[in-house]
Structures are given as structure tokens and as C-alpha cells.
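Engineer:
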Amino acid sequence: MHVEYREEPCRSALNRVQGMGFGWSLNPYMGCVHRCTFCYVRAFEQRADRPSDDRYGTSIRVKTNVAEVLRRELARPSWEREIVAIGAATDPYQPAEGRYKLTRACLEVLGDASNPFRLITRGPMIVRDIDVLARAAARAGVAVTFSVPTLDREIWQRTEPGTAPPHQRLRALKQLVDAGIETNVGMAPILPGLTDRPELLAEVVRAAREAGATGVWANLLYLKPGTKEHFLAALERDWPELLPKYEQLYGRRAYLSKTDSEPVRERVRRLTREHGIRDRRRVRLEPPEDPEQLQLAV
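Residue numbers (my numbering): 954 to 1251.
1. Got a sec, what are the start and stop residues for the alpha helix (DSSP H) L1174 sits in?
2. Can you give the beta carbon distance from A1042 to P1102, rounded, assuming they're within the 8 Å contact cut?
3. Which partner residues does T1136 have in the DSSP bridge list?
4. For a minimum of 4 consecutive residues, which ranges assigned as the alpha helix (DSSP H) are wholly contained in the stretch 1038-1071?
5. Does the Cβ-Cβ distance between K1016 and P1048 come in under 8 Å?
6. Tell me whether T1116 sits in a helix, a strand or coil according to DSSP, three-state version.
7. Classify L1247 as helix, strand or coil using the three-state DSSP reduction.
8. Whole angstroms are fine: how far does the CA of R1205 sit from the CA of Y958?
9. Please go through the same chain and pick out, in chain order, the residues whose beta-carbon is closer than 6 Å to the beta-carbon of G1040, but skip the five residues on each side of it.
10. In or out: P1119 buried (at least 16 other Cβ within 10 Å) or exposed?
11. Taking all protein chains shown into account, decide if M1078 is buried (16 or more other Cβ within 10 angstroms of its Cβ) or exposed.
12. Quick check: what's the CA-CA separation for R964 versus P1241?
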């Protein structure tokens, strides 16, 4: 697949986010060559009148000045050092990062400002930045999540065609944990009829435990317009026998009903307890306690 890289400066680095578990996001790149069939960003692309089909991921915007803009934004008197989510709309460690190093530059800025952040990725390239992550984690709250929905080779290759193999992500996770960085596994999205099979869920949780993951969480597939059409077309191509099931589950909704989703989440929670998934880091990089809090404790 031919990919066009567009080097363009940005006016802002931080984006205000509504309806998510965080208030601010940061994306050094826009567009993603991973081309996951289930990517929820396709829905945003369609709403913005940009390609959400197979053309998505063929044009990547590189925000060449993003670190400099971020430094200015964090220095504003109005900024309250809120948590910043990195990788919410595009993977910060997709191949472009190997050349441009914009994610690394942003991590350095966040570390200098002692600003907490959360980062999610499918990219083992993150191990290159362990030094920057460790420095940041010693100054502010830092957590990394590797997205590992399944270890099944066929499902991975068909649904995440541009990503690194899941076992490579788990090896990278172990390196981060060994360095003292809080690093979790996000089993998301879990695909009904495919990756929600009990044996596949258990396989991921066992592998997460072996790699030393500090936590495991799960979320199920949701299909908004833009993502829905692309995913169902891929499903019809690769697993046509599942198409009626998906039309039943998602025909009139983007999200699964609680009746359909909660049993899978509960199974993952139970597996997490059974395998003893918890923070077992020998070295824990954490920011010093707030002096004001210590004074109150006394």
C-alpha cells in the first residue's frame, strides 16, 4: 500500500475531548497505516467528509511542530496539568514515528512539565523511548496500555493488517514493566463470535500475566457509521457466516446491549482475578507525593 506523508504544522497540540474517560488528547499524527477493520476513527473521518473506506490510512498528516506547540500550551497559566491521552485517534507508534520522532518529542515536553499522561499503542517501537517514559513517570503519573484483543494469528492478520504481531507487543510490555513503568493490556475491541471465545480470552490474560502486565481491561466492539460499513464488508469477505449475527447485534445500534456485553466483561474480570493480574513491578516509577498532601496527613 502506497502511503503519502504530508508534513504540515499545527495550530494546536491538545484537543478538548467530550464523552470519553479523559478531557484532553494529543495526536502527533493524523491517519493510521494500521488499517484495523474495526477502527472507530473511521466514523470520525466519515463525519468530517474524509475517506473512511480502504483509502483510510493512505494519507498521514505529520504535525511537524507539535512538540513546540505543546510546550507553549502546557506553559499557559490557565493549564492545570490535566491528564493527556496519547493515541486516542491514531497510533503514536505507527511506522512514521521511526522517522519523525514526534511522539518522543512530545513525551519529553510532558516530562519537562511534570504533566501526567496515558498512552495507548499497538507499536513495539515504544521500547526505544523507555528512557523518556521512565523520566516522565518519576515526575508525574504515567501509564501505558498495549492493545491486544487476541493472540489468534488468523484473526489478527485479517482485522489488524498493518500492526505488529501481538506477541511482539507483549515482549515490549515486559520491557516497560521491567523498567518500572505502569503498563497494562487493553483487550479491545473484543469481536463477538470471533475473539470472545472463552479459550481465546483466557489465552490473552495468561500471556498478559506472563509478561507482567500491571492490569487488564476489556471493551467490546462498537460500530458507528463509517466504521460499521467498512467492518461489515470485511466480515462478509472473511467470515460471511457471521454476518447475520452481526446484523442482529448491531442492526439498529452502534453498541452492544448490556445483556450481550456484560458476560464477556465479567469473564475477563474473572480470568484477571484467577491469574492474579496486579501491579507486581519490582521497581515502581512514581512521582513524589504532593508536599501539601503530606502536611495534611500529619
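Cβ atoms here follow ideal geometry from the backbone N, Cα and C, with glycine treated the same way.
Structural biologist: Once the coordinates are examined:
1. Here residue 1174 corresponds to residue number 221 of the sequence shown, with the count starting at 1. That residue, L1174, is in no alpha helix (DSSP H); it is neither H nor E in DSSP.
2. For the purposes of this step, residue 1042 is identified with residue 89 of the sequence shown, where counting begins at 1. For the purposes of this step, residue 1102 is identified with residue 149 of the sequence shown, where counting begins at 1. That pair is no contact at about 18 Å.
3. Residue numbering aside, residue 1136 sits at position 183 when the sequence shown is read from its first letter. The partner list for T1136 (beta bridge, DSSP) reads V1097.
4. Listed in chain order, they are 1049-1053, 1055-1065.
5. By one-based count along the sequence shown, residue 1016 stands at place 63. By one-based count along the sequence shown, residue 1048 stands at place 95. In this structure, K1016 sits away from P1048, with a CB-CB distance that is not shorter than 8 Å.
6. For the purposes of this step, residue 1116 is taken as residue 163 along the sequence shown, with counting starting at 1. It is coil, neither helix nor strand.
7. Within the sequence shown, numbered from 1, the residue matching residue 1247 stands at position 294. Any answer about L1247 is weak, because its pLDDT of 47 lies below 50 and its placement is not dependable; what the coordinates show is given next. If DSSP states are grouped into helix, strand and coil, L1247 belongs with the helices.
8. Here residue 958 refers to the residue found at position 5 when the sequence shown is read from its first residue. Here residue 1205 refers to the residue found at position 252 when the sequence shown is read from its first residue. Cα to Cα, the separation comes out at about 37 Å.
9. Position 87 of the sequence shown holds residue 1040. Cβ within range, chain order: L1072, I1073, T1074.
10. Here residue 1119 is taken as the residue at index 166 of the sequence shown, counted from 1. Buried is the call here.
11. To locate residue 1078, count along the sequence shown from 1; it is residue 125. Burial call: buried.
12. Start at 1 with the first residue of the sequence shown, and residue 964 comes out as number 11. Start at 1 with the first residue of the sequence shown, and residue 1241 comes out as number 288. Each residue's Cα considered, the two are about 33 Å apart.
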